[in-house]
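Engineer: Handing you a structure now.
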Amino acid sequence: MMKTLLVRGMLAGLVAGVLAAGFAYLVGEPPVSDAIALEESHGTQAHDPASHDAVSHDAPPHAESPGRAGSGDAAAHEHSESPDHAAESDAAPGHDHGDDALVGRGVQSTLGLLTGVTGYAVAVGGLFAIAFAVVQGRVTTLRPRVSVALLAAGGFAVAVLVPFLKYPANPPAVGQAGTIEDRTALYFGFLALSVVTAMVAVAVGRAAADRAGAASGGLLGVGVYVTVMAVAGALLPAVDEVPDGFPGSLLWDFRLASLGTQVVLWCALGLVFAMLAEKALGRGSRDGHAVTVRQ
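When we follow the numbering used here, the leftmost residue of the sequence shown carries the number 239, and every step to the right adds one.
So this is what it looks like as structure tokens:
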């Protein structure tokens, strides 16, 4: 049964990945293209002697034109970038986004985007199926469709939303190239802490539910998770490398598209896997009975 669920989870991830890639292309690519154009325009100005003369004569000593700080650096998007733009991480300083690039923007924004998002989604779908097989009938006694919905909502919150709130995705032209390793370590460290804390919170909530009831156990588990992550979020350093003069609307559009891609992925994954899991588990699950997955 585990193998069956794993295959169906990966299939659900594939479907979710295609849908998420479509959303990323329609909603996410315009702000990415605008950010790349902005980065390249700053790079052109940096190598234009006339622009240097203008700065030296018109600006006070050590002044920097808006947007110059950090321009041309981490076009390899912020470590917390969504997978829909992971294929574009070669947009690092000194790399060409145009026709002379090793992989052109046309390929990056279509085939590269689809490949990156679907590959990520298939992996998430497999892990999601394993998590469902572990909790179904053990941690939760709800019917599979409800368990899948709760697991998808929890997975999105723990693996995407909470890390995003602390370290949101950034478009090209935002971030310092010299700090990318530190930013990556902070993001994945916070993500790992979120996942581990969620597992501990589930265990604590489950133990409390056996003594005080499901409602009390659920509230305790949520309280443990929220408290730990709130403290961690307050203690860990913030990352704010948005250069002066960078359009706020462009930053907002990119981050909204990044988060929206994940919303589409997790919603589609939950809906498709719920149907496939109930078919795999048989009639008992469709009749509303709790089913335990045998390993």
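Here a beta-carbon is modelled for each residue, glycine too, at the ideal position from N, C-alpha and C.
With distances taken Cα to Cα, identify the nearest neighbour of A390 among W504, F484, G486.
Structural biologist: Sequence index remark: in the sequence shown, residue 390 carries index 152 (1-based). Comparing Cα-Cα distances from A390 to each of W504, F484, G486, the minimum goes to W504.
Engineer: CB-CB under 7 Å to A259, same chain, minus the five flanking residues each way: which ones, in chain order?
Structural biologist: Taking the sequence shown and counting its residues from 1, one reaches residue 259 at position 21. These residues qualify, in order along the chain: D322, L351, L352, V355, T356.
Engineer: Helix, strand or coil for R343, going by three-state DSSP, please let me know.
Structural biologist: The residue given as residue 343 occupies position 105 in the sequence shown. Three-state result, R343: helix.
Engineer: Decide if P269 is buried, meaning its Cβ has at least 16 other Cβ atoms within 10 Å, or exposed.
Structural biologist: If you number the sequence shown from 1, residue 269 lands on position 31. Label assigned to P269: buried.
Engineer: Note down, in chain order, each residue of its chain lying with its Cβ closer than 7 Å to the Cβ of F370, except the 5 sequence neighbours on either side.
Structural biologist: In the sequence shown, the residue the question calls residue 370 occupies position 132. Close CB contacts of F370 within its chain, under the 7 Å cut and outside five residues either way in sequence, are with L243, S385, V386, L389, A515 (chain order).
Engineer: Using CA coordinates, which residue listed in E267, L264, G342, V362 is at the minimum distance from G251?
Structural biologist: Taking the sequence shown and counting its residues from 1, one reaches residue 251 at position 13. Closest option to G251, Cα to Cα, is V362.
Engineer: Answer yes or no: do M467 and V398 have a C-beta to C-beta separation smaller than 7 Å?
Structural biologist: Counted from its first residue, the sequence shown places residue 467 at position 229. Counted from its first residue, the sequence shown places residue 398 at position 160. Against a cut-off of 7 Å, the Cβ pair of V398 and M467 comes out as no contact.
Engineer: Please confirm if the stretch 261 to 275 is in contact with the stretch 487 to 495, defined as three or more CB-CB distances below 8 Å between the two stretches.
Structural biologist: Three or more beta-carbon pairs separated by less than 8 Å link the stretch 261 to 275 to the stretch 487 to 495, which places the two stretches in contact.
Engineer: Quick check on T379: does DSSP put it in helix, strand or coil?
Structural biologist: On the sequence shown, position 141 is the one that residue 379 refers to. Coil at T379, not helix or strand.
Engineer: Confirm, please, whether the CB-CB distance from V462 to V434 is below 7 Å.
Structural biologist: Within the sequence shown, numbered from 1, the residue matching residue 434 stands at position 196. Within the sequence shown, numbered from 1, the residue matching residue 462 stands at position 224. Cβ atoms of V434 and V462: not closer than 7 Å.
Engineer: Considering only the beta carbon of each residue, do A470 and L431 sit closer than 7 Å?
Structural biologist: Taking the first residue of the sequence shown as 1, we reach residue 470 at position 232. Taking the first residue of the sequence shown as 1, we reach residue 431 at position 193. Yes, the Cβ-Cβ distance between A470 and L431 is below 7 Å.
Engineer: Give me the residue from A452, V464, G498 with the minimum Cα distance to L261.
Structural biologist: As a first step, residue 261 is located in the sequence shown; it is residue number 23 there, counting from the start. What sits at residue 261 in the sequence shown is Phe, not Leu. If we check each option's Cα against that of F261, G498 comes out closest.
Engineer: Under a three-way DSSP split, which group does Q500 fall into?
Structural biologist: Translated into the one-based positions of the sequence shown, residue 500 becomes position 262. Q500: helix per DSSP, three-state reduction.
Engineer: For the alpha helix (DSSP H) that contains P456, what are its first and last residues?
Structural biologist: By 1-based counting over the sequence shown, the position of residue 456 is 218. Reading the sequence as shown, one finds Gly at residue 456 and not Pro. Element bounds for G456: 452 to 473.
Engineer: Taking all protein chains shown into account, decide if S347 is buried (16 or more other Cβ within 10 angstroms of its Cβ) or exposed.
Structural biologist: Translated into positions along the sequence shown, residue 347 becomes position 109. Counting Cβ neighbours within 10 Å, S347 comes out buried, since at least 16 surround it.
Engineer: Report, in whole angstroms, the separation of the C-beta atoms of V480 and R421, which I expect to be a contact under 8 Å.
Structural biologist: Here the question's residue 480 lines up with position 242 in the sequence shown. Here the question's residue 421 lines up with position 183 in the sequence shown. About 13 Å; that fails the 8 Å criterion.
Engineer: Can you tell me the Cα-Cα spacing of M239 and A518, whole angstroms?
Structural biologist: On the sequence shown, residue 239 is found 1 positions in, with the first residue counted as 1. On the sequence shown, residue 518 is found 280 positions in, with the first residue counted as 1. C-alpha separation (whole angstroms): 8 Å.
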